[in-house]
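Novice:
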Amino acid sequence: MPFTSLGLSPVLAQAATLMGFTVPTAIQTEAVPVILSGVDVVGVAQTGSGKTAAFALPLLHNLQRDHTSPGESPRRVRALILVPTRELAAQVGEVIRSLAQHLPNPPKTVIAFGGVSINPQMMRLRGGADIVVATPGRLLDLIAHNALRISTVATLVLDEADRLLDLGFTEELNRILALLPAQRQSLFFSATFPPEVQAMADALLRTPVRIEVAAEPGSEDAGAPLILQRAIEVDGKQRTSLLRHLVKENKWDRVLVFVATQYAAETIAEKLYKNGIFATAFHGALAQGTRTEVLQELKDKRWEVVIATDLAARGLDIAQLPVVINYDLPRSPTDYIHRIGRTGRAGESGMAISFITPESEAHFQLIEKRQHLQLPRERIEGFEPAPVDPAMLGAASTSPESPASPANGGIKGKRPSKKDKLRAAAAAVGLPKG
Ligand code: AMP
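For reference, each letter of the sequence shown is one residue, going 128 to 561 in my numbering.
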């Protein structure tokens, strides 16, 4: 089925084709006509299933249709897209810009996120904007600086909506919602909507249409990502060695590893690096410039291993990322879905491995239960866990390698900088580093 049959203008259908999208994905097929009709939507579809274009295409279509006064100045913000992380703001903004560039009256899209100077973003907002893609905190800062007004927004999108509706963002989101017109279209998208968040979403939406192209990650349903999920039993202290062994043994050229803390990300990346693997850390305590670089370098296949906190769990689209590893288990089944969803995107296959320590076995069983999963426990020769006395198992799963220490706490000594590492990577013979 072509994009035009969804009700999109030929020029937008053509824009999708130019992006390499030949046929709409399931969520696009379902959501586009409904969004075009102007109603509120809750869109639930697996990670990597094309949700961004599912809301971006009809949003652009409606903007073009309502474009009554071309060249109007200043432009009024007609669409606001909120996302939970800076990297996702950049990614979603780029998709919208790419799709919009072929339109006769391309809308002006401004991307705004924190951690970088506000001035360039204020400059870009001069003369107004049609579409703003932002993280909540920076949006509020820009509003406080009188850099934009959002009272003219016709469409609000919450991407990774359940994350934006959870406690961490409540205050900021409420302040933003208070500034939006009551008369608007709201579109909430995510791969997950825990019941407690669903109730909040319902309170914010007007008779929403719920569109669910449901399939658990890894299921056999058509269009579902093909993520092979595995669980490997290992002692906490052996995890770094096992990780190194797996990377070497399988010759993986790109692995995204999730840990519980920023400190763990730093220390494990450091250990791997000292052991001959091009590894680096990605977490919220890094400067925004470094965060952006690391992500781009991961996409460019310059790092073999990136050790990340849950900052990287949501939405990031890294093509051909073959393996995701839960070194530390995620806190919730929801986080599990988002983490493993970094692999197996856009119909590719991928592998997600969880390290199960004796201390985390019970927690993993809870995740499995909620995901209706039952993974066989594997053991890797040479890394089998030692027999344990069940009475010795504490409640928490901490190990000397991933203590719940504060950001950067306890990192000592001279460590090679990211640049040093990349230089060494580039110098290494036979490795395809940039
Ligand atoms: P998203 O879920 O929006 O992050 O999209 C996941 C991946 O699917 C991205 O790499 C998109 O470029 C790709 N994608 C989105 N829509 C389509 C489509 N209709 N056909 C092929 N790939 C798509």
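Glycine included, C-beta positions come from ideal geometry on N, C-alpha and C.
Please classify valine 374 as buried or exposed, where buried requires at least 16 neighbouring CB atoms within 10 angstroms.
Specialist: Taking the sequence shown and counting its residues from 1, the one referred to as residue 374 is at position 247. That one is buried.
Novice: Where does glutamate 287 sit, in a helix, a strand or coil, going by DSSP?
Specialist: For this step, residue 287 is matched to residue 160 along the sequence shown. Note: glutamate 287 maps to coil in three-state DSSP.
Novice: Can you find a heavy atom of ligand 1 that lies under 7 Å from the Cβ of lysine 548?
Specialist: Within the sequence shown, numbered from 1, the residue matching residue 548 stands at position 421. Every heavy atom of ligand 1 is 7 Å or more from the Cβ of lysine 548, so no.
Novice: Please tell me whether, using a cut-off of 7 Å, the distance from the CB of lysine 178 to the nearest non-hydrogen atom of ligand 1 is below it.
Specialist: As a first step, residue 178 must be located in the sequence shown, where it is residue number 51. It does: the Cβ of lysine 178 is within 7 Å (strictly closer) of some heavy atom of ligand 1.
Novice: At what residues does the alpha helix (DSSP H) containing phenylalanine 491 begin and finish?
Specialist: The residue given as residue 491 occupies position 364 in the sequence shown. From DSSP, the alpha helix (DSSP H) with phenylalanine 491 extends over 488–498.
Novice: Can you tell me which residues form a DSSP beta bridge with serine 481?
Specialist: Counted from its first residue, the sequence shown places residue 481 at position 354. Per DSSP, Ala358, Asn453.
Novice: What first and last residue would you give for the beta strand (DSSP E) that runs through threonine 407?
Specialist: Here the question's residue 407 lines up with position 280 in the sequence shown. Here the beta strand (DSSP E) through threonine 407 covers 406–409.
Novice: Distance, Cα to Cα, threonine 470 vs serine 200?
Specialist: Within the sequence shown, residue 470 is the residue found at index 343, counting from 1. Within the sequence shown, residue 200 is the residue found at index 73, counting from 1. In a straight line, the C-alpha of threonine 470 is about 43 Å away from that of serine 200.
Novice: Spell out a yes or no on whether the stretch 205–218 and the stretch 157–175 are touching, meaning 3 or more CB-CB pairs, one atom from each, closer than 8 Å.
Specialist: With the cut-off at 8 Å, the stretch 205–218 and the stretch 157–175 do not touch.
Novice: When you measure from the CB of aspartate 427 to every non-hydrogen atom of ligand 1, does any distance come out below 7 Å?
Specialist: Along the sequence shown, one-based indexing puts residue 427 at 300. Outside the cutoff, so no.
Novice: Using DSSP with H/G/I as helix, E/B as strand and the rest coil, what is lysine 539?
Specialist: Along the sequence shown, read from residue 1 onward, the residue named residue 539 stands at position 412. Legend: pLDDT at lysine 539 = 39, less than 50; position of this residue unreliable, value from coordinates given subsequently. Three-state result, lysine 539: coil.
Novice: Please confirm if the stretch 505–513 is in contact with the stretch 385–397, defined as three or more CB-CB distances below 8 Å between the two stretches.
Specialist: Not touching, per the Cβ criterion.
Novice: Would you check if the distance between the CB atom of isoleucine 395 and the CB atom of isoleucine 483 is smaller than 8 Å?
Specialist: Position 268 of the sequence shown, counting from 1, holds the residue named residue 395. Position 356 of the sequence shown, counting from 1, holds the residue named residue 483. No, the Cβ-Cβ distance between isoleucine 395 and isoleucine 483 is not below 8 Å.
Novice: For alanine 534, which residues of its own chain have a beta-carbon under 6 Å away from its beta-carbon, when the five flanking residues on both sides are left out?
Specialist: For the purposes of this step, residue 534 is taken as the residue at position 407 of the sequence shown. Interpretation of alanine 534 is limited by its pLDDT of 36, a score under 50 that renders its predicted location unreliable; no figure is taken from the coordinates.
Novice: Please determine if the stretch 272–287 and the stretch 304–321 are in contact, where contact requires at least 3 C-beta pairs separated by less than 8 Å.
Specialist: With a cut-off of 8 Å, the stretch 304–321 and the stretch 272–287 count as touching, because enough Cβ pairs lie within range.
Novice: Count the other CB atoms within 10 Å of the CB of glutamate 393; is the residue buried (16 or more) or exposed (fewer)?
Specialist: Residue numbering aside, residue 393 sits at position 266 when the sequence shown is read from its first letter. Looking at its Cβ environment, which holds 16 or more other Cβ atoms inside 10 Å, glutamate 393 is buried.
Novice: Using the beta-carbon count (16 or more within 10 Å), is alanine 142 buried or exposed?
Specialist: As a working note, residue 142 is residue 15 in the sequence shown. With 16 or more Cβ atoms within 10 Å of its Cβ, alanine 142 is classed as buried.
Novice: Check whether the Cβ of alanine 473 lies closer than 7 Å to any heavy atom of ligand 1, and answer yes or no.
Specialist: The count along the sequence shown starts at 1 and reaches residue 473 at position 346. Checking every heavy atom of ligand 1 against the Cβ of alanine 473, one is found closer than 7 Å.
Novice: Can you name, in chain order, every residue of its own chain whose Cβ lies under 8 Å from the Cβ of phenylalanine 409, other than the five neighbours on each side?
Specialist: Here residue 409 refers to the residue found at position 282 of the sequence shown. Answer for phenylalanine 409: Ala392, Arg418, Val421, Leu422, Leu425, Val433, Ile434, Ala435, Thr436, Leu438, Ala439, listed in chain order.
Novice: Evaluate lysine 539 with the Cβ neighbour count: other Cβ atoms within 10 Å of its Cβ, from every protein chain shown; 16 or more gives buried, anything less gives exposed.
Specialist: Working through the sequence shown from its first residue, we reach residue 539 at position 412. Only weak support is given to the placement of lysine 539: the predicted model assigns it a pLDDT of 39, under 50, and the question is left unresolved by the model.
Novice: Can you tell which of Ser481, Phe320, Gly477 has the C-alpha that lies nearest to the C-alpha of leucine 369?
Specialist: Residue mapping note: residue 369 aligns to position 242 of the sequence shown, counting from 1. When only C-alpha atoms are compared, the closest one is Ser481.
Novice: Nearest by alpha-carbon distance to glutamine 365: which of Tyr454, Ile494, Val237, Gly241 is it?
Specialist: Counting from one through the sequence shown, the residue named residue 365 turns up at place 238. Here the closest residue by C-alpha is Tyr454.
Novice: Thinking just about the alpha-carbon of each residue, which of Val384, Gly264, Pro247, Arg371 is nearest to the one in lysine 398?
Specialist: As a working mapping, residue 398 is identified with position 271 in the sequence shown. Minimum Cα distance to lysine 398 is reached at Arg371.
Novice: Name the two residues that bound the continuous beta strand (DSSP E) containing arginine 337.
Specialist: Start at 1 with the first residue of the sequence shown, and residue 337 comes out as number 210. It spans 336–340 - the beta strand (DSSP E) in which arginine 337 sits, taken as one unbroken run.
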